[in-house]
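Numbered per UniProt numbering, the first sequence spans residues 1 to 139.
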Amino acid sequence: MPLSNSYGREEKLKSRKQIDLLFAKGKSVNQFPVKLIYLEVPDEMDFPVKAGVIAPSRLFKKAVQRNRVKRLLREAYRTEKAPLIEYAQNQNRKLILFLLFVDRQIPSYALVKEKISMAIPRLIKELEKTKITAANENS
RNA sequence: CUACAGGCCCGAACUAUCGUUUCGCGCAAGCGGAAAGGAAAGUCUGGACAGCACAGAGCAACUCACCGGUGAAGAGCCGGGAGGCGUGUAAGCGCCUACAGAAAGUGCCACAGAAAAUAACCGUCCCGGUUUCGGGAUAAGGGUGAAAAUGUGAGGUAAGAGCUCACGAUAGGGCAGGGCAACUUGCCUUAUGGGUAAACCUUGAGUGCUGUAAUGCCAUGUAUAGGUCCGCUGAGAACUGCUCGUUCAAGGGCCAGGGUAGGCAGCAGGAGGUAAGCAGUAAUGCUUAUCCCAGAUAAAUGAUAGUUUAGAAACAGAAUCCGGCUUACGAGGCUUGUAGCUAU
């Protein structure tokens, strides 16, 4: 599968069941004002990483504002996701992921992009740890 | 020209790169097309559409309210009438109006005032008594108030009063002229004991209820094992606002637990848009030509850079679809009215 900057239908997290599961059991990486919620799943999926975005209506009352924040998150994820996909493919791990925005101010695109580019290496690092502990438990 | 108020128009364009949703073509790679708003908003209305209901009677609730037209319909729109406000000597012009009924009934009318509805505090007048008082008549005058019993003049009277008369005002009725009508003009006649119906209410017209998470279909999947209460002395269900009434009726309610939560249709060709012509004061209608113009479901229109421009900033994101109403808002343009200044 070639790496590209596209962010198509098969890469989006759509199943309501998986979303409920993610919020119930998922772990998180905080990189204020962006928060990643992730969960490794055993299920077979058509793409190694499925991701969605959220702008809480609690923080943004108007639909226009929520749309704006979600578009920024989506665009930043699209440009910065390459290392994560590559890692998941190489290690053959399946991941579901949500990007939350937890500030009240509508951010600039530059800020969101910077924070996500910082958060994704941290996420990979966390995944590396859980892999080691799982391996230890198994042995 | 400036300020204020009302109405209308517009709601940036283009290029490049990387992306999203969808449609068409193609085996595929890919190529090509389309992609938020004037309010998409509030969910306030009217419909379309869908489901359930539709033997009957009563009650309740809600909506509307000058006339005519328009339209699928309306709490909309257009035109007209009436009333009010502003301006003006006036004519006129502009703006506003939930504009049926107060002569069916009930209620309410703060403060002030004698009194807020069938009004005697002061005053005026008469009678009795004779320094003060008592009985009566009287709405002309006084002050209060948002509002005080139809205005002015004359007659009249003890003093007064629509008590009578003249000219008016307001309301009802009649006749005549104008108008499809609301209404209006003139004449005659009757009455004149307030306001409030965005108080209850009355009159007239109308409304079955629910709402696209409607609804239909396909797929997947199981479990009702348990607890408790009620029940043929009728639980409960249907007639979907409620009651009566009618019909059915042996299982039903609650707690706990299990399964599913995927897909298709609805769902994008419509009371559709644009242009021209015709009819009409207008709203609007008709004809012809032409266009296809979002369709998601954790939910698509974005990011970056540059150019144009005085500036790109306001309010704000489709979720079944249309017609309206209301509210929010930016820079500029057009237009109407008022005020001011300058010039003529």
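Don't be surprised by glycine CBs; every beta carbon is placed ideally from N, CA and C.
Computed from a prediction, not measured in an experiment: that's the story for all the values here.
Element boundaries [alpha helix (DSSP H), containing residue i]
| i | result |
| --- | --- |
| Glu10 | No alpha helix (DSSP H) holds Glu10; DSSP gives it neither H nor E. |
| Asn67 | 63–80 |
Terminal residues of the beta strand (DSSP E) in which residue i lies
| i | result |
| --- | --- |
| Ile106 | From DSSP, Ile106 is part of no beta strand (DSSP E); its letter is neither H nor E. |
| Leu39 | 34–40 |
| Lys27 | 27–31 |
| Ala51 | 49–54 |
Spatial neighbours of residue i in its chain, beta-carbon cut-off 7 Å, leaving aside the 5 residues before and after
| i | result |
| --- | --- |
| Ala88 | Pro48, Val49, Leu95 |
| Ala55 | Arg66, Val69, Lys70, Phe101 |
| Ser57 | Arg66 |
| Lys25 | Leu39 |
| Lys131 | none |
Integer-rounded CB distance, given that residue j should sit under 8 Å from residue i
| i | j | result |
| --- | --- | --- |
| Val29 | Ala119 | 6 Å |
| Ala51 | Leu21 | Not a contact, Cβ separation roughly 15 Å. |
Alpha-carbon spacing of residue i relative to residue j, whole angstroms
| i | j | result |
| --- | --- | --- |
| Pro121 | Ile37 | 14 Å |
| Arg93 | Lys129 | 13 Å |
| Gln31 | Ile19 | 21 Å |
| Lys12 | Glu75 | 13 Å |
| Arg104 | Leu72 | 14 Å |
| Leu59 | Pro33 | 12 Å |
| Val41 | Ser117 | 24 Å |
| Phe23 | Lys35 | 13 Å |
| Ile124 | Ile106 | 27 Å |
| Met1 | Gln91 | In this predicted model, Met1 has a pLDDT of only 32, less than 50, meaning its place in the structure is not dependable enough to derive any value. |
| Ala82 | Leu127 | 16 Å |
| Leu111 | Leu84 | 20 Å |
Residues near residue i in its chain [Cβ-Cβ closer than 6 Å; skip 5 each side]
| i | result |
| --- | --- |
| Lys61 | none |
| Glu86 | none |
| Tyr109 | Leu72 |
| Val53 | Lys70, Leu73, Arg74, Leu99 |
Chain-order list of residues whose beta-carbon lies under 8 Å from that of residue i (same chain, five-residue window excluded)
| i | result |
| --- | --- |
| Glu80 | Lys113, Ile116, Ser117, Ile120 |
| Glu137 | Summary for Glu137: the model assigns pLDDT 49, below 50, so the residue's position carries little reliability; its value from the coordinates is reported in the next sentence. Closer than 8 Å at the Cβ level, and outside the excluded window around Glu137, lies no residue. |
| Lys27 | Ile37, Tyr38, Leu39, Glu126 |
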